[in-house]
Structures are given as C-alpha cells and as structure tokens.
Amino acid sequence: MPQLSATLDRFEPSAISQIFNLAVKLKEEGRAIADFSTGEPDFDTPDHIKRAAQEAIDRGDTKYTAVDGTTAMKEAVAAKFKRDNKLDYHVDQIFVHSGAKPLLADIFRTMLNPGDEVIVPAPCWPSHPGAILAAGGSPVFVSAGVASGYRISADQLEAAITPRTRCFVLCSPSNPTGAAYGAEDLEAFAEVLLKHPDIWIVTDDLYEHIVFDEFPFATIASVAPPLCGRTITVNGVSKAYAMTGWRIGFAGIPKPFMTGLMKLCSQATGNPSSIGQAAAIAALEGPQDFLHARAHAYEHRRDAALKVLNQVEGLTCSMPEGSFYLFPDCSKLYGRKTQNGSVLANSADFCRYILEDWNVATVPGSAFQADDCFRISIAVADEEVNRGCDLIRQACAALT
Ligand SMILES: Cc1ncc(COP(=O)(O)O)c(C=O)c1O
16 MPQLSATLDR
26 FEPSAISQIF
36 NLAVKLKEEG
46 RAIADFSTGE
56 PDFDTPDHIK
66 RAAQEAIDRG
76 DTKYTAVDGT
86 TAMKEAVAAK
96 FKRDNKLDYH
106 VDQIFVHSGA
116 KPLLADIFRT
126 MLNPGDEVIV
136 PAPCWPSHPG
146 AILAAGGSPV
156 FVSAGVASGY
166 RISADQLEAA
176 ITPRTRCFVL
186 CSPSNPTGAA
196 YGAEDLEAFA
206 EVLLKHPDIW
216 IVTDDLYEHI
226 VFDEFPFATI
236 ASVAPPLCGR
246 TITVNGVSKA
256 YAMTGWRIGF
266 AGIPKPFMTG
276 LMKLCSQATG
286 NPSSIGQAAA
296 IAALEGPQDF
306 LHARAHAYEH
316 RRDAALKVLN
326 QVEGLTCSMP
336 EGSFYLFPDC
346 SKLYGRKTQN
356 GSVLANSADF
366 CRYILEDWNV
376 ATVPGSAFQA
386 DDCFRISIAV
396 ADEEVNRGCD
406 LIRQACAALT
C-alpha cells in the first residue's frame, strides 16, 4: 500500500471530536444526551452579521481574496485591536485565516524546525500541542493544578526555558480551565521573556470577550510593548460572535513573521472565505453590547453548575474567570465501582461511565494533559446545564 506521512504518528486525533461523534450516535439512537462536549456557543449568529453575508453574496463578493484577507477585513481587525486591546498593528501586520485553529497550525509550521521546543501551560487545549507536533516541534508542558487556579507562575516559565525553546503559548481565558491571567501575571511573564530575545510568543485570545465578574481581560503585547515585535496575537470571531461555522480567525503579526506566513499560506491554504470575511467585518464593526449580555448568560450558567458540582462528594471545581468551560477534578472517585462492577481508573473511564450510563457527554481531562479532571462545556441552554449537572450528581452518588 502507498505510505502516509510519518508525522501522523506524532499526535493523536482530537479526543473532543471522538466524544462529540459518540454523543451524536447515542442521540441518533434516541437517547436524551446532555451534551457538554463541544465548545460551541448555543447562541445564534446575530442577524446583522448574517445580513452582511447575504449582501456580500448579492454584490458578487464570491471570489478569491488576497491570501491574508481583504483590505476591508484587515482594517476592521486593526481597528478592533486598537479599540479593544490598545494595540497598534498596521494593516500590513494583520493576517486573516479560515479560523484560529488553522491559523495556529500555520503559525507553528512557519516557526518551527524539528526538535524546537514550545512551552505550553497545561491543562491546555489539545490542538495547541497537536499543531506543534504536526509542525515538527515538541511541546513542553508546564503544569498548573487546581491549587494555583490552573495558572502557571513566572518561575515555572523560567525553569522550563532551554536553548531549544522557540516559543511560549498562552491561552487566556483558557480552554479547558477557564483560568485567566491578569495584567500583573503577564508583566511577570514579560520580565522573564525579555531576558530571552529568541523566543516567540503566541497568545490565543479567542475567549477575550467571555469573562466573568468584570475580570479585566489583558493580552501580553499591550501589557509589555517591548515584546510586541515577537508576539503573535491570535483571535477570531467564532466564540464571541457565535460564528463557529463561518471560519474566520485573525492575528496581529510582527513584520518578519508575516513574510514567512504569507509564503506558506500562498502555497498551502489560499484565502479565507470572502463571504465569511464580509460577515466578520460586520461582527467587528457592528454593535458590541450583546457580547457583555452573552458573557453574563455564561456567567449565570457557571454559577448554577458550580453550585451543584461543588456539593458532589468526590468532585472539586475551581471558579473560572472566563470561557465557557468548567474543569472539575474527579480523581477522588478513581477506584470506585460503577453499578455494573467496573472500577473507574482515570478520566476516560469516568467520562465513559457518565455518558453511557447517565447520558452526559463531557471530555476526559487526559485530552488536555490533566487526567485528574474532566471538561464540561456550559455553552448549552440553562435547563440543559441544570439537567446535566444533576445527572452528574446522581452518577457520582451511585458509585460504591
Ligand atoms: C483556545 C481555542 N483557540 C482556538 C479555537 C478554534 O477557533 P476557530 O473556530 O476560530 O478555529 C478554539 C476552539 O475550540 C479554542 O478553544
């Protein structure tokens, strides 16, 4: 048989997609699954954004665009960075791609050589290490547990740096923990990074607008301007504007990096959808007040879910500052028996048990480098949050 690339052996398929597919199959079999598996807003894309896409189609904006996006889209992104983050990216420093996920993959492909190390705070979103491995690099995980609010310290960052370190990846608020770094935390990271001028910084700010209790979102390039020349600020419209299917992500990028990324994408990916870009312009330039209302709705769900979960014997859940995930520690339940006599040994066993026996789809912490935990997405209707959390409570109580 003809061969496939050996690179495929370096990483696993997405565990989140696997759980999602299993949940879909069980739903098709008629089971009422409380689906906490995917990180996708249950809200609809706002009407003014949909209208902008329809108008783009009617205008005939249905052709290829420049590889890095239309000028109008890049201007909208530059204005967004200025308005929301006080960042002065020139239009020539903006790259628009078909979602933040492929953008991150191409950023790592542009940056890394075999053996290069990328420091990734863990628990982490699986596609960060996945994309690093696919690009030939090696993720170096720096772990933070529930005790430190799932935040790594500047000392931990410093201790992880080696002569092979090429990049530091930051995701705040985090998928999967919801932990967010404040300006002071970022200043402490900057102090370390300023001593190492050969390290790129990639910050994944997809959950910027989903923060709770008035948490002041901060991003490292604006907190530490001397780092701006080597920081790639990644963001997108998927989560904040409920536009996961439109596939538009973007980044503010230092000039020298831009040349490399353009070269790669000109051969590999072409341009993001012209219609998606028209919709994203409407998202970035249109009303922003609904973002706060939606964040408030997620905050309400977070509080409802935490109230139930933190009373369950065997579960401990920290209070996320943002995103729409909870990441409870379920390790105290390992060793306990299910009703059919199987013993729970890890997060995969726990998630399989609550899905197959109790109809709740969640993602094992092992997918995020944290086998003590499991991830719940609260991007579902309030009633579903309440129903699913109550089922988890019953499932835990039924263990012996
Ligand atoms: C931290 C983080 N970054 C990026 C993405 C992907 O964003 P996009 O839909 O723009 O590809 C996700 C989606 O789950 C995410 O959680």
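The opening position of the sequence shown corresponds to residue 16 in this note's numbering, with each subsequent residue numbered one higher. Note that beta-carbon positions come from the ideal geometry of N, C-alpha and C, so glycine has one too.
Tell me whether residue i counts as near ligand 1, meaning its Cβ is closer than 7 angstroms to at least one heavy atom of that ligand.
i    : result
K116 : yes
N190 : yes
S253 : yes
D213 : no
D219 : yes
T22  : no
T284 : no
G84  : no
G380 : no
W373 : no
T259 : yes
C186 : yes
G264 : yes
G54  : yes
Do residue j and residue i count as a contact pair if the criterion is CB distance below 8 angstroms?
i    : j    : result
A266 : V249 : yes
I263 : P302 : no
P154 : L148 : yes
E336 : A195 : yes
L348 : A320 : no
M277 : V111 : no
L330 : C404 : no
V381 : S52  : It is worth fixing the name first, because residue 381 is Ser in this sequence and not Val. No.
I225 : A255 : yes
R309 : V400 : no
Report, in whole angstroms, the separation of the C-beta atoms of residue i and residue j, which I expect to be a contact under 8 angstroms.
i    : j    : result
L370 : A376 : 5 angstroms
L299 : V92  : 7 angstroms
F389 : C366 : 5 angstroms
L201 : A233 : 6 angstroms
A394 : D57  : 5 angstroms
L15  : I216 : With the chain covering 16 to 415 only, the question about residue 15 has no answer from this structure.
A115 : S253 : 7 angstroms
Y118 : G151 : The sequence given here places Leu at residue 118; Tyr does not occur at that position. That pair is no contact at about 18 angstroms.
W373 : L406 : 5 angstroms
D131 : R179 : 6 angstroms
Got a sec, what are the start and stop residues for the alpha helix (DSSP H) residue i sits in?
i    : result
R402 : 397-412
H112 : Premise fails: H112 lies in the beta strand (DSSP E), 109-112, not in any alpha helix (DSSP H).
R3   : Not covered by the structure: residue 3. The range shown for the chain is 16 to 415.
R390 : Premise fails: R390 lies in the beta strand (DSSP E), 389-392, not in any alpha helix (DSSP H).
I369 : 362-371
V323 : 304-324
E328 : From DSSP, E328 is part of no alpha helix (DSSP H); its letter is neither H nor E.
Q33  : 30-43
Q69  : 62-74
S333 : Unbroken run through S333: none, as it is neither H nor E.
A293 : 289-300
Is there at least one Cβ from chain B nearer than 8 angstroms to residue i's Cβ?
i   : result
F35 : Within the model displayed, chain B is absent; a lone protein chain is all it includes.
Heavy atom of ligand 2 less than 7 angstroms from the Cβ of residue i, yes or no?
i    : result
S289 : Only ligand 1 can be found as ligands here, which leaves ligand 2 out of the picture.
Which ranges does the beta strand (DSSP E) cover as unbroken runs of at least 3 residues, wholly within the region 186-273, from first to last along the chain? 215-219, 246-251, 264-267
Ignoring anything shorter than 4 residues or poking outside the region 117-196, list the alpha helix (DSSP H) runs there in chain order. 142-149, 169-175
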